[in-house]
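One structure below.
Residue numbers (this note's numbering): 169 to 710.
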C-alpha cells in the first residue's frame, strides 16, 4: 500500500499476491553495462523473468537465451572455450535457486547441466563474498558432456594434448563438496611428456567418489609399446593430494636423442604419505639400448645445475621437484656402445635417490666385453668399473684395464681417476717407455731395432680406424660385438709383414678361426670355449 501523506509512504503486505514480469531486448544498454562489468561478451541475449506468489513466499522463473558467451580477451588474459547456443531455465523460491535446464555448445561440443542452490539466512551475503565456497558447501549440481571431440578442447592445452580422441564426462557435486561421477577417454594422444615422449592410443576410465579419484585403467602406447596407470588420488579439503598410483610399461624408449637410445621396462609406484612429499619407488630394467654419442658429451662443461651432471636429468618444476626417489635401475648386458674410441657391451646396477629436482644415483656400471680403439692398436677390456658413490655422486669414478699384443709387444692400458679428471697410462712387455708406447699405438712408430712399418701398412691401419669411426657414427656395427672379428699386427712375420687373425662366432662356445702367423703360414680351425659368458652368469646370480 502507498500512503502519500502518512508517516510511512510504503507498506508491504506479506500475504498479498505478487505478480511481476520482466523482459529485455538483445540490444538493451543493460547488456552492454553487464559485459563491461563482468568481462564476458554476451551476444544476442534474450531474458525473461516472472515473479509471483506473495512477498513472504515468492516464487519465480527465468529464462536466458544467447547466441554466444565468450571471455573478453582484452580484459582477461586466459584461453577459455566459448559457449554457443546457450539455453538456461531457472526457477526458485525463498528456499533457493533451481537450474531446471542448462544446455550449450562448448567449442561445438554439447554440454548439459542442472542443479539446486539452497539459500538460507545470510546466503546472499556469502554469495557475494565467496561464491565458489558457497557453491561447494551448499550446491547440488550435475554436469554432463555426452560426447566431446578432443580436437576442440586441445586448443586450450596445446602443450599437453594432441587434437584427437573422444571425451565423455558425467559429474555430480553434492552439498558438502563431494564429487561423484565418471570420465571416459578414448583414442586420445598427448604431446611429448618427459621421458615417455608422446603417448598414443590413450584410453582411460576414471571414477570420482567423494574426494577420491579412482584410476580404474589408463592404457596408452609410448613409442608403440604399452603403458598402464592404475590406482587412486585422494584430494583432501586441506593439504596436498595423496597419490597411490602404479605405472607400468614394457620395452619403452625412455631416452631418444641423437646418439643415444635407452629402452627398458618400468614398474613404478607413486605414494604420498599423510605428511611429507610423494615418493616414487620401484624398478627400471634396461635392455636393448644403444650408445653412439661422442664420449666428450658426458664431460663436465661450464653449465651448472642438476641436469648437467650425473645422472644427467632433473625436474625443476614445483611441486614435482620435491618428490622423493627410491628406484632400482638395473640392466644386464643391455647397452651396446659404438663410438670412435670404444666399442662393447655394458651392464649397470644403480640406486636412484634424492629428489626429482636433485636426483642422486649410487652404483656402478661394468663393461662385460669391449675394446678401446686407437689408430694402431685395439685393447681388449679385461676389467672395468664406472662408479657413483655417496661421497661423490655427481662425478663418475673410472677404472678400466685393457691389453693387446702389437708387433711382438704385450701392451697394457689403464684408465683411472674421475670423468672430470681422467688419468691414462700405458705399459709394455718387453719394457718400453710410455712415450714409445704412445707413439706405437697412435702413430704406428716402432721402437728402434723392432722393425719397420711401411707407409702402406700405416695408411691401411689409419683407413681401417677411420672406417670404424664412420660406421659407428652412422649406427653401423664394428668389430667388437659382431660375429666376425679381425685383428692385425700382433707380430711381424719373418717376411716383415703384419700378422692377422680372424674369428667368426657361431654361438657362445663355438667359433671358426683363421690366421696368418709370424712364420708366414696360413692356419684355420675350430675353437671351443670351456667357459662361455661367465660375466653374464655372474650377474644373473640371485
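Backbone N, C-alpha and C fix where the C-beta goes; we use that ideal spot for every residue, glycine too.
For this session: Spell out the partners DSSP gives residue 371 in its beta bridges.
Result: In the chain shown, residue 371 corresponds to position 203, counting from 1. Bridge partners of residue 371 according to DSSP: 387.
Exercise. Using DSSP with H/G/I as helix, E/B as strand and the rest coil, what is residue 609?
Worked result: For the purposes of this step, residue 609 is taken as the residue at position 441 of the chain shown. Helix at residue 609.
Exercise. Pairing CB atoms from the segment 569-582 with CB atoms from the segment 653-671, are three or more of them under 8 Å?
Worked result: Three or more beta-carbon pairs separated by less than 8 Å link the segment 569-582 to the segment 653-671, which places the two stretches in contact.
Exercise. Cβ atoms of residue 584 and residue 568: under 9 Å apart, would you say?
Worked result: Position 400 of the chain shown, counted from the start, is the residue given in the question as residue 568. Position 416 of the chain shown, counted from the start, is the residue given in the question as residue 584. Taking 9 Å as the Cβ cut-off, residue 568 and residue 584 qualify as a contacting pair.
Exercise. Is the segment 202-220 close to the segment 234-241, with three or more CB pairs under 8 Å?
Worked result: The segment 202-220 is in contact with the segment 234-241.
For this session: Can you grab the Cα-Cα spacing for the pair residue 660 / residue 531, in whole Å?
Result: Start at 1 with the first residue of the chain shown, and residue 660 comes out as number 492. Start at 1 with the first residue of the chain shown, and residue 531 comes out as number 363. Pairing residue 660 with residue 531, the inter-Cα distance amounts to about 43 Å.
Exercise. Which residues bound the alpha helix (DSSP H) around residue 203?
Worked result: Translated into the one-based positions of the chain shown, residue 203 becomes position 35. Judged by DSSP secondary structure, residue 203 falls within the alpha helix (DSSP H) whose first and last residues are 197-206.
Problem set entry | Counted within 10 angstroms of its Cβ, other Cβ atoms place residue 422 as buried (16 or more) or exposed | Within the chain shown, residue 422 is the residue found at index 254, counting from 1. Around the C-beta of residue 422, 16 or more other C-beta atoms lie within 10 Å, and the residue is accordingly described as buried.
Exercise. Alpha carbon to alpha carbon, what distance is there between residue 445 and residue 379?
Worked result: For the purposes of this step, residue 379 is identified with residue 211 of the chain shown, where counting begins at 1. For the purposes of this step, residue 445 is identified with residue 277 of the chain shown, where counting begins at 1. Rounded to whole angstroms, residue 379 to residue 445 spans 19 Å at the Cα level.
Exercise. Based on Cα-Cα distance, which residue from 529, 552, 497, 499 lies nearest to residue 510?
Worked result: The count along the chain shown starts at 1 and reaches residue 510 at position 342. The shortest C-alpha separation from residue 510 is found at 552.
Exercise. Any contact of the segment 521-531 with the segment 554-562, i.e. 3+ C-beta pairs under 8 Å?
Worked result: Cβ pair count under 8 Å is three or more, so yes.
Exercise. Exposed or buried, which one is residue 222 when buried takes at least 16 other CB atoms within 10 Å?
Worked result: To locate residue 222, count along the chain shown from 1; it is residue 54. Exposed is the label assigned to residue 222, since fewer than 16 other Cβ atoms lie within 10 Å of its Cβ.
For this session: Kindly examine the ligand NAP and report whether one of its heavy atoms sits closer than 8 Å to the Cβ of residue 228.
Result: Only the bare structure without any ligand can be found here, which leaves the ligand NAP out of the picture.
Exercise. Taking residue 537 as the reference, which of 520, 392, 691, 512 has the closest Cα?
Worked result: The residue given as residue 537 occupies position 369 in the chain shown. Proximity to residue 537 across 520, 392, 691, 512 peaks at 512, based on C-alpha coordinates.
Exercise. Can you give the Cα-Cα distance for residue 686 and residue 667, rounded to whole angstroms?
Worked result: Translated into positions along the chain shown, residue 686 becomes position 518. Translated into positions along the chain shown, residue 667 becomes position 499. A direct Cα-to-Cα measurement between residue 686 and residue 667 gives close to 6 Å.
For this session: Would you identify the three-state DSSP class for residue 232, choosing helix, strand or coil?
Result: Looking up residue 232 in the chain shown gives position 64. In the structure shown, residue 232 sits in a strand (DSSP, three-state: E or B).
Problem set entry | Minimum C-alpha distance to residue 488 - residue among 447, 458, 505, 455 | On the chain shown, residue 488 is found 320 positions in, with the first residue counted as 1. Put simply, of 447, 458, 505, 455 the residue whose alpha carbon is nearest the alpha carbon of residue 488 is 447.
For this session: Please determine, among 455, 416, 228, the residue with the shortest C-alpha to C-alpha distance to residue 438.
Result: Taking the chain shown and counting its residues from 1, the one referred to as residue 438 is at position 270. The candidate whose alpha carbon is nearest that of residue 438 is 416.
Exercise. Exposed or buried, residue 253, counting other C-beta atoms within 10 Å across all chains shown (16 or more means buried)?
Worked result: Along the chain shown, one-based indexing puts residue 253 at 85. Counting the other Cβ atoms within 10 Å of the Cβ of residue 253 gives fewer than 16, which makes it exposed.
For this session: Let me know if residue 706 comes out buried or exposed under the rule of 16 or more other beta-carbons within 10 Å of its beta-carbon.
Result: As a position in the chain shown, residue 706 is number 538, starting the count at 1. Low confidence applies to residue 706: its pLDDT is 37, below 50, so where it sits in the model is not reliable, and the reading given next is rough at best. Burial state of residue 706 is exposed, judged by a 10 Å Cβ sphere holding fewer than 16 other Cβ atoms.
For this session: Inspect the beta-carbon positions of residue 715 and residue 414 and report whether they are closer than 9 Å.
Result: Residue 715 cannot be examined here, being either before or after the span of the chain that is shown, 169 to 710.
Problem set entry | Buried/exposed call for residue 388, threshold 16 Cβ in 10 Å | In the chain shown, counting from the first residue as 1, residue 388 sits at position 220. So residue 388 ends up on the buried side.
Exercise. Helix, strand or coil: which one does DSSP assign to residue 310?
Worked result: As a working note, residue 310 is residue 142 in the chain shown. Reduced to three states, the DSSP call for residue 310 is strand.
Exercise. What do you reckon, are the CB atoms on residue 412 and residue 455 nearer than 9 Å?
Worked result: Reading the chain shown from its first residue, position 244 is the one you call residue 412. Reading the chain shown from its first residue, position 287 is the one you call residue 455. No; because the gap between Cβ atoms is not below 9 Å, this pair is not in contact.
Exercise. Where does residue 409 sit, in a helix, a strand or coil, going by DSSP?
Worked result: Counting from 1 along the chain shown, the entry for residue 409 is found at position 241. Here residue 409 sits in coil by DSSP.
For this session: Would you check if the distance between the CB atom of residue 395 and the CB atom of residue 452 is smaller than 9 Å?
Result: Counting from one through the chain shown, the residue named residue 395 turns up at place 227. Counting from one through the chain shown, the residue named residue 452 turns up at place 284. The criterion of a C-beta distance shorter than 9 Å is not satisfied by residue 395 and residue 452.
Problem set entry | CA-to-CA distance, residue 515 to residue 534, given in whole angstroms | Indexing the chain shown from 1 puts residue 534 at position 366. Indexing the chain shown from 1 puts residue 515 at position 347. If you take the alpha carbons of residue 534 and residue 515, they lie about 5 Å apart.
Problem set entry | Cβ shell of residue 440 (< 6 Å), same chain only, five flanking positions each side left out | Here residue 440 is taken as the residue at index 272 of the chain shown, counted from 1. Taken in chain order, the residues that qualify are 410, 411, 446.
For this session: Determine the contact status of residue 215 and residue 200, defining contact as a CB-CB distance below 9 Å.
Result: Counting from one through the chain shown, the residue named residue 215 turns up at place 47. Counting from one through the chain shown, the residue named residue 200 turns up at place 32. Contact annotation: residue 215 and residue 200 have beta-carbon atoms that are not nearer than 9 Å.
Exercise. For residue 604, which residues of its own chain have a beta-carbon under 7 Å away from its beta-carbon, when the five flanking residues on both sides are left out?
Worked result: Residue 604 sits at position 436 when you count from the first residue of the chain shown. Cβ neighbours of residue 604 within its own chain (closer than 7 Å, five residues either side excluded): 615.
Problem set entry | Bounding residues of the beta strand (DSSP E) (the contiguous stretch that carries residue 447) | What you label residue 447 is simply residue 279 of the chain shown in a count that begins at 1. Residue 447 -> beta strand (DSSP E) spans 447-454.
For this session: Output yes or no for whether 9 Å exceeds the beta carbon distance between residue 273 and residue 309.
Result: For this step, residue 273 is matched to residue 105 along the chain shown. For this step, residue 309 is matched to residue 141 along the chain shown. Against a cut-off of 9 Å, the Cβ pair of residue 309 and residue 273 comes out as no contact.
Problem set entry | For residue 321, the first and last residue of its enclosing alpha helix (DSSP H) | Position 153 of the chain shown holds residue 321. From DSSP, the alpha helix (DSSP H) with residue 321 extends over 318-321.
Problem set entry | Member of 275, 268, 265 whose CA lies at the smallest distance from the CA of residue 251 | The residue you call residue 251 lines up with position 83 of the chain shown. With distances taken between Cα atoms, residue 251 lies closest to 275.
Problem set entry | Cβ-Cβ separation, residue 521 to residue 493 (assumed contact under 8 Å), whole Å | Within the chain shown, numbered from 1, the residue matching residue 493 stands at position 325. Within the chain shown, numbered from 1, the residue matching residue 521 stands at position 353. Here residue 493 really is in contact with residue 521; their C-beta atoms are around 5 Å apart, less than 8 Å.
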